[in-house]
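Numbers 508 to 653, taken from our numbering, label the letters of the sequence shown in order.
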Amino acid sequence: MTADEELSKGCRFIEEGKFDEAKKIFLKMARKSIPEAQFNLALMYQDGKGVPRSMKKAAKWYTKAADNGMDEALLNLGCMYLLGNGVPTSEKKAFDLVQKAADNGYGKAQIQLGVMYEFGSGTVQSYEKAFGWYNARPSRTYPRHT
508 MTADEELSKG CRFIEEGKFD EAKKIFLKMA RKSIPEAQFN LALMYQDGKG VPRSMKKAAK
568 WYTKAADNGM DEALLNLGCM YLLGNGVPTS EKKAFDLVQK AADNGYGKAQ IQLGVMYEFG
628 SGTVQSYEKA FGWYNARPSR TYPRHT
């Protein structure tokens with residue numbers, strides 16, 4: 508079975524409410540540094556699906572996925588730093604993470620970066636830069652696997 512097939516199987520298990528089976532698949536793959544599996548584990552911990560809800564564990568898995576190049580994880584982790592969910596509150600760290608995902612062309616991160624510029628969250632307020640990010644052309648708008 509290919510990695511994509513395993514990920515799809517894990518996602519199907521989530522949809523079917525078979526969280527233990529999904530966790531086994533994602534954990535096995537996450538330990539092999541597959542970012543989509545790490546991201547899905549983070550979502551499970553964030554939502555408390557099949558595991559006790561833990562924002563700290565969610566942040567841990569988002570960090571691993573982000574370190575492995577997943578823009579969706581960068582954005583989610585950035586939002587966690589912005590709100591202090593499972594990690595210390597840091598608008599600057601949040602800005603840096605969201606900026607990286609936005610620079611990679613991830614549409615949702617581009618919008619979030621626009622909001623951060625509009626309100627001066629983690630950066631100097633700039634309506635001009637906010638407008639630019641709100642109107643940026645994303646190269647990707649949706650996650651690869653979730």
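Glycine included, each C-beta is placed from N, C-alpha and C at the ideal position.
Span separating the alpha-carbon of Thr653 from that of Ile521: Below a pLDDT of 50, predicted positions are generally treated as unreliable, and Thr653, at 41, falls in that range; no measurement from the model is reported.
Ser597 versus Glu512: straight-line alpha-carbon distance, rounded: Straight across, the Cα-Cα distance linking Ser597 with Glu512 is about 37 Å.
Sequence-distant residues of its chain with Cβ nearer than 6 Å to Gln619 (five each side left out): Around Gln619: Val605.
Residues of its chain near Ala566, where Cβ-Cβ distance is below 8 Å and the 5 sequence neighbours each way are ignored: Counting only Cβ-Cβ distances below 8 Å, and skipping sequence neighbours, we find Ala549, Leu584, Met587, Asn592, Gly593 and Val594.
6 Å Cβ shell around Ala616 - same chain, five flanking residues per side excluded: Result list for Ala616: Leu582, Val605, Ala608 and Ala609, in chain order.
Beta-carbon proximity of Glu625 to Ala643, cut-off 8 Å: Against a cut-off of 8 Å, the Cβ pair of Ala643 and Glu625 comes out as no contact.
Anticipated Cβ contact below 8 Å, Ser633 with Leu589, distance rounded: In fact, because the Cβ distance is near 17 Å, the residues do not count as touching under 8 Å.
Nearest-angstrom Cα separation, counted from Gly639 out to Val631: When rounded, the distance between both Cα atoms is 15 Å.
Option nearest Lys564 by Cα separation, candidates Leu534, Ser515, Asn611 and Ala510: Nearest Cα to Lys564 within the set Leu534, Ser515, Asn611 and Ala510: Leu534.
Sequence-distant residues of the same chain with beta carbon closer than 6 Å to Asn547, five excluded per side: Within the same chain, Cβ atoms closer than 6 Å to the Cβ of Asn547 are found at Phe533, the five residues on either side in sequence being excluded.
Counted within 10 angstroms of its Cβ, other Cβ atoms place Ala537 as buried (16 or more) or exposed: The C-beta of Ala537 has 16 or more other C-beta atoms within 10 Å across all chains shown, which makes the residue buried.
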